[in-house]
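Scroll down for the structure; my scribbles are underneath it.
Protein chains: 2
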Amino acid sequence: MKRILLAYTLSALCLLPVFAGGGEGSLPISYVNPFIGTTNFGTTNPGAVCPNGMMSVVPFNVMGSEDNKYDKDARWWSTPYEFHNCFFTGYSHVNLSGVGCPELGSLLLMPTTGELSVDYKEYGSRYKDEQASPGYYSNFLTRYNVKTEVSATPRTGVSRFTFPAGQSHVLLNLGEGLTNETGAFLKQVSDTEFEGMKLLGTFCYNPQAIFPIYFVMRVNKQPVSSGYWKKQRPMTGVEAEWDPDNGHYKLYTRYRKEIAGDDIGAFLTFNTTEGEQIEVQMGVSFVSIENARLNLDTEQSGKNFSQVLADARMRWNEDLSRILVEGGTEEQKTVFYTALYHTLIHPNILQDVNGQYPAMESNEILITNGDRYTVFSLWDTYRNVHQLLTLVYPERQLQMVRSMLDMYREHGWLPKWELYGRETLTMEGDPSIPVIVDTWLKGLRDFDIDLAYEAMYKSATLPGTENLLRPDNDDYMSLGYVPLREQYDNSVSHALEYYIADYSLSLLAEALGKKEDARFFYNRSLGYKHYYSKEFGTFRPILPDGQFYSPFNPRQGENFEPNPGFHEGCAWNYSFYVPHDVKGLARLMGGQKPFIEKLQRVFDDGLYDPANEPDIAYAHLFSYFKGEEWRTQKETQRLLQKYFKNAPDGIPGNDDTGTMSTWAIFNMIGFYPDCPGDPYYTLTTPVFDKVVIRLDPDTWGSDKLVIETKRPSAESLYIREMELGGKKLSRYRISHEELIKGGTLRFILR
Amino acid sequence: MKRILLAYTLSALCLLPVFAGGGEGSLPISYVNPFIGTTNFGTTNPGAVCPNGMMSVVPFNVMGSEDNKYDKDARWWSTPYEFHNCFFTGYSHVNLSGVGCPELGSLLLMPTTGELSVDYKEYGSRYKDEQASPGYYSNFLTRYNVKTEVSATPRTGVSRFTFPAGQSHVLLNLGEGLTNETGAFLKQVSDTEFEGMKLLGTFCYNPQAIFPIYFVMRVNKQPVSSGYWKKQRPMTGVEAEWDPDNGHYKLYTRYRKEIAGDDIGAFLTFNTTEGEQIEVQMGVSFVSIENARLNLDTEQSGKNFSQVLADARMRWNEDLSRILVEGGTEEQKTVFYTALYHTLIHPNILQDVNGQYPAMESNEILITNGDRYTVFSLWDTYRNVHQLLTLVYPERQLQMVRSMLDMYREHGWLPKWELYGRETLTMEGDPSIPVIVDTWLKGLRDFDIDLAYEAMYKSATLPGTENLLRPDNDDYMSLGYVPLREQYDNSVSHALEYYIADYSLSLLAEALGKKEDARFFYNRSLGYKHYYSKEFGTFRPILPDGQFYSPFNPRQGENFEPNPGFHEGCAWNYSFYVPHDVKGLARLMGGQKPFIEKLQRVFDDGLYDPANEPDIAYAHLFSYFKGEEWRTQKETQRLLQKYFKNAPDGIPGNDDTGTMSTWAIFNMIGFYPDCPGDPYYTLTTPVFDKVVIRLDPDTWGSDKLVIETKRPSAESLYIREMELGGKKLSRYRISHEELIKGGTLRFILR
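Quick mapping for you: the protein sequence lines, in order, are chains C and A. Heads up: the first sequence runs through residues 90 to 839, numbered per the numbering used here. Heads up: the second sequence runs through residues 90 to 839, numbered per the numbering used here.
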């Protein structure tokens, strides 16, 4: 099999800003390779989606055949697509990109030919000629000789199937999908339209994080026959003898009213001529079937497949063009723009075209003013994604903060890991605080900061039993840390997140003139020191009696095995994660020299995990110390080169809704926001010769930020000199305000 | 366990006609024992229902425990209740009475206490103190100390649960039920109201006979908690480890939007005080949830349990009082009124209070003018039920015929075994023809007889491939009989039904002046002679080459084992079933004497099956022959006494929506319509001294029909003399018109 990165001719897009960099006239969109991250557990996918769109249409290839290397039901599996799999069972509608738990990925739409089969273990097909570009995916089903193509609007999908002559089918499978939740209903509204609901949820095995997706599906040709199917429950004895459908998929050939069940679907059969194209539209909503229809009618009204695709590509190119790069290799540009593409998938809009959305943890339907965002993987994205959005897409970041505050209004809590109106409580900490504080301190302030402060103060101070976000707040508040009360309670990880959140909160309190609060939370943020074990030189869990946990192995947890006190990692992955008090941590560790040596050892001894969040800003910590900045430059360039590639395995692990991609973006353009909540960046060596970030003048008072790099040779790695706004710069950490006001950041390498 | 036949004090019913018979002042309703027929495969049930009501609320005791003797999943089982079972798992809403295939019996409502369990294998309870009377059933759940009571309006049910102090629950199980069809959706509309849909169908294993039931359930107390449950599909491997609900019933404690699946339910938990009563209302519709709510709002508006019950009892007493009997034993009165009660359950209304109903084999919703009836088990009921309705409930019979004609308008075919808008095609023949002809010939003529004739002519003459009702019409029309083309194709049974239908059609053609048609169908109705085997003296299947089927055993099929040519019976059960040409059959069998001797042998040698329809009019055939009428009188009395009792096994087999019960009714009052379609009755010995049938004067020109019997002693069995309208009567077969005009039929026994 050969996947083609589609170099789409953009004849219809002449109005778009043309990418001037590199002299080749290519558009940013042409540098996106949606196959990057589709193996190596990157969990991205090559499906069609619009920027921050609700809808994505993704080739689903993770079930139904032993020929697949990765089967969703045979292992822990969190993505609808795997590059090395080969058995296609349809297009899933509405999917997550770059997450670590299975969810969504349902409404499976499959074209077949010949005799009708509705069993996905039978009807799947191998494929070839995969092509993907933003807003487009295509393949060719070798079993059926059907070319399939998909595209999307923000809330709807469209598939175009090119059939051979004969009997052809379109199947909609509601029984399977990536989600572990089952149950759906379906109704045939007319010969060419079906509507229904599929239950989703149980994300990261939170059994109550349940929500429905509503849909309307339409085909543009009258079928010769159609109906439903449902897997029948197995019977025994006499009953089984009498019922030929017992345990099988039964076809409902005459019944047309609502059908419901765990494993149901719809089929449409057509007589097709050679090369005949049938288009299938899918509108969705998280509010109602009526809204799904309204979304479909609004966004695809009068548009055929080609027009929908042209629109999607225009949206992407506009968004990607906010950062224009020159220099660098074709590979680097592809890594860069694909990373930007991945970063713009989530959070995505939740509201329908009429503004309705399902309120947070509620049965109410509300109407939003502006976009309502969902899919907040905040334990990941608070580290860098929102900082990138603040700088480059401030209108979206501001609206995301407003969405977070609306969640507080509706639910009483800021989000932790919000998914389609459900608080899934995945991972730990209080990550909304640094996101909102960072946004405010950088100057995006058109939201109710008093309400935000109230919300933050609530989770920071309420007792644990009443505290959804900080369930171990009793210990934390009374002891200054969280002791290990259960073998695998991730207590150290929890506390480290609280320290960072409290530090952010202290910055905001200070900015709001709440001196006492500021001091209180700042002091609390230094409680990390409790965990430092001189014996091991790392953080170490503390037992309820105040003693360190023993026996202790700081490398335990390296390979995702359970580890007392630490979540998804070993003590080394966490022991430098005090970004708000790096100097204090260094003192604790014996001063600059031991700190630097130990930190370097983390990289040299393979104790650095590039695939998970706690240590991803380790490389930047060197730059806190005069004379050690070269190590930041060396490590960020080394990590970029080693882990970020124009290849399916070109992301080191779960992209985490763009967090890994954003790590690459910032480090490729020369600065990184290493302390969430604190409006500062650490500077490092860019890979491009010139980067132009198109700024929103109303927000930043300037229409661009330029990063220029003079590179004596292709191997030049280290920064020799820097200028900001034409003035020499000798510090390697600068504030957001300095950067914006400087306007041009110039690196001269050596 | 002791079941009590509830002698309900009818203080609220003083306006009702008081039953004058027997001198004890008891109302007819007080003679109904709903436990009759609830074992011995009578398949009746003791649940609460109104006459011809859509709703019935039935104690469901056929699943979930090995303590039950009859389990719905362990064998062929067609009724929600069995007298000898002991494990109660709730009340099923909308049920069939007296049928032989499992269907309906869903929306299972169960009260429990203590810790919440939603697994029916766990939450069921033994019970005691069963009580039942028309419109009422009650028991006491010994495990929970909960008294349960149910009643019904025509389209809604109500349950009253008397709880002990503590935590109490109301469960609605949509995953189980008598139907073999699965799938439901459910939505909590408010703290006290749920709505949803359950899929029903696959009646008698017709896989396409599928229809939905919609419902709205309301409780009259605010629960302290509520939610859904759904059985999770079993997972394997890592997934199974991560999901604690894997393969179990998961509780959905916060989700409140639609849920759907194969095995779902709703729970409501209450804090109850000792003796606290909670009422649960259930409205249903076969059109929509909105109509289910409308039905509930209309029929139970402002009414509590007691008022609903009083209404139901009033309806029953009014209907049962159309026949008043005097004399006879208490047992005989109980058998009689219970039989009348059973006969008035089906066909039942299908339309909602706004007149809407699902059109026949269609997705359309239509509005009926007058009642739209459903549940036409016509292979059974064409024999006597519709004749009883014509005489005593002519307004209903007329409306049933109109419903049948509307089905023809909607679907193109008169019904065969219609069930909630589906033609299930159960059993054989063309049974609408004798029903409609019988009705017309007796004088109920306010329907479109030309359309009816068109419909009958269609099924009687269309080729088999186009003929839904007579699939073997090609053979039948060309040969005059149906040869055996498959081992168990029931070919003789099919043909015998066609002969009877054709005879009826010939009578109608004659009445309509269509002489040629009349002669044609009459001649065809005599084709039964092909099947007569002199060798065996019975009917015998014929092979396609014209030879009789060999080897042949006329007793094969006695015990419901498959039998070539005959459906549910042996050759003996069918060989006298030519009611339209008894004398011709007698000639074929060698004349009166051999005929009578052979017929008597059927009874004497145990070749008569009292539990299935083909031979149930055998006893009346004696009366076609002068001097042999005493045999009819003897056998009908003997069969009544042997098979119809005031006991749970007091019906000889499936009641067949009242057919067996109607057999008892007619024979107990002294006449029987032994030739469907032919407006004649055979007279036999009544068991009562006086029977007053209150006639509709507008229909019959008289307000009553009186049957008086002088009985020299209690043992008097045979008829010595008869008078009709004061004139001596010497014939034992009289026409319907003679009977009505006579006004009083007097028997003097010896």
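Using N, Cα and C, we set each Cβ at its ideal position, and we do this for glycine too.
Does residue i get closer than 8 Å to chain A when you measure Cβ to Cβ?
i	result
residue 678 of chain C	no
residue 299 of chain C	yes
residue 183 of chain C	no
residue 162 of chain C	yes
residue 348 of chain C	yes
residue 327 of chain C	yes
residue 858 of chain C	Chain C is shown from 90 up to 839; residue 858 of chain C falls before or after that span and cannot be answered.
residue 769 of chain C	no
residue 461 of chain C	no
Hey, is residue i's beta-carbon within less than 8 Å of any beta-carbon in chain C?
i	result
residue 144 of chain A	no
residue 379 of chain A	no
residue 284 of chain A	no
residue 869 of chain A	Nothing can be reported for residue 869 of chain A, as the shown portion of chain A is limited to 90 through 839.
residue 322 of chain A	yes
residue 262 of chain A	no
residue 271 of chain A	yes
Starting from the Cα of residue i, find the closest Cα among the options and give me that residue.
i	options	result
residue 583 of chain C	C:221, C:136, C:183, C:703	C:703
residue 208 of chain A	A:198, A:579, A:792	A:198
residue 337 of chain A	A:622, A:510, A:537, A:210	A:210
residue 655 of chain C	C:772, C:453, C:581	C:581
residue 461 of chain C	C:326, C:585, C:672, C:486	C:486
residue 665 of chain C	C:706, C:800, C:631	C:706
residue 700 of chain A	A:742, A:250, A:440, A:304	A:742
residue 298 of chain C	C:340, C:404, C:510	C:510
Can you list, in chain order, the residues of its chain with a C-beta nearer than 6 Å to that of residue i? Leave out the 5 residues immediately preceding and following it.
i	result
residue 435 of chain C	464, 746
residue 362 of chain C	254
residue 607 of chain C	595, 598, 599
Leaving out five residues before and five after residue i in sequence, what residues of the same chain have Cβ atoms less than 8 Å from its Cβ?
i	result
residue 180 of chain A	136, 146, 147, 148, 149, 197, 198, 199, 237, 239, 246, 248
residue 833 of chain A	794, 795, 796, 797, 812, 813, 814, 815
residue 301 of chain C	286, 287, 288, 289, 375
residue 846 of chain C	A query on residue 846 of chain C cannot be resolved here, the shown segment of chain C reaching from 90 to 839 and no further.
Between which residues of its own chain and residue i is the CB-CB distance below 7 Å, once the five residues before and five after are set aside?
i	result
residue 345 of chain C	277
residue 213 of chain A	153, 154, 176, 177, 178
residue 416 of chain C	777, 778, 779
Just list the alpha helix (DSSP H) runs in the stretch 426–462 of chain C, keeping only unbroken ones of 4 residues or longer that don't cross its boundaries, in chain order. The stretch 426–462 of chain C is shown to contain no whole alpha helix (DSSP H) run of 4 or more residues.
Enumerate, from N- to C-terminal direction, the unbroken beta strand (DSSP E) stretches of 3 or more residues contained entirely within the stretch 124–191 of chain C. The qualifying runs are 145–148, 180–182.
Counting beta carbon pairs with one atom in the stretch 396–408 of chain A and one in the stretch 721–729 of chain A, are three or more of them shorter than 8 Å? No, because fewer than three Cβ pairs between the stretch 721–729 of chain A and the stretch 396–408 of chain A fall closer than 8 Å, the two stretches do not touch.
Considering only residues of the stretch 522–593 of chain A, which uninterrupted beta strand (DSSP E) runs meet the minimum length of 3 residues and lie entirely inside it, listed in chain order? With a minimum length of 3 residues, no continuous beta strand (DSSP E) run stays inside the stretch 522–593 of chain A.
Going residue by residue through the stretch 229–269 of chain C, where are the continuous beta strand (DSSP E) segments of at least 3 residues, counting only ones entirely within it? Listed in chain order, they are 235–241, 245–252, 255–262.
Is the stretch 272–285 of chain A touching the stretch 213–227 of chain A, taking contact as three or more C-beta pairs under 8 Å? Touching, no, given that fewer than three Cβ pairs across the two stretches are closer than 8 Å.
Complete alpha helix (DSSP H) runs within the stretch 305–332 of chain C (minimum length 4 residues, chain order): Fully enclosed alpha helix (DSSP H) runs of 4 or longer: 326–331.
Tell me whether the stretch 586–598 of chain A and the stretch 532–552 of chain A touch, counting them as touching only if at least three CB pairs, one residue from each stretch, are closer than 8 Å. Contact between the stretch 586–598 of chain A and the stretch 532–552 of chain A is present, because at least three Cβ pairs lie under 8 Å.
Cβ contact check for the stretch 767–781 of chain C and the stretch 525–544 of chain C: 3 or more pairs under 8 Å: Cβ pair count under 8 Å is three or more, so yes.
I'd like to know if the stretch 675–692 of chain C and the stretch 645–659 of chain C are in contact, where contact means that at least 3 CB-CB pairs between them fall below 8 Å. No: fewer than three Cβ pairs fall under 8 Å.
Please list the segments of the alpha helix (DSSP H) lying wholly inside the stretch 745–791 of chain A, counting only runs of 4 or more residues, in order along the chain. Whole alpha helix (DSSP H) segments, 4+ residues: 748–758, 786–789.
Counting Cβ pairs closer than 8 Å, one from the stretch 668–677 of chain C and one from the stretch 641–648 of chain C, do we hit at least three? Too few Cβ pairs lie closer than 8 Å, so no.
Across the stretch 261–270 of chain A and the stretch 347–361 of chain A, are there enough close Cβ pairs to call them in contact, namely three or more that are closer than 8 Å? The stretch 261–270 of chain A vs the stretch 347–361 of chain A: in contact.
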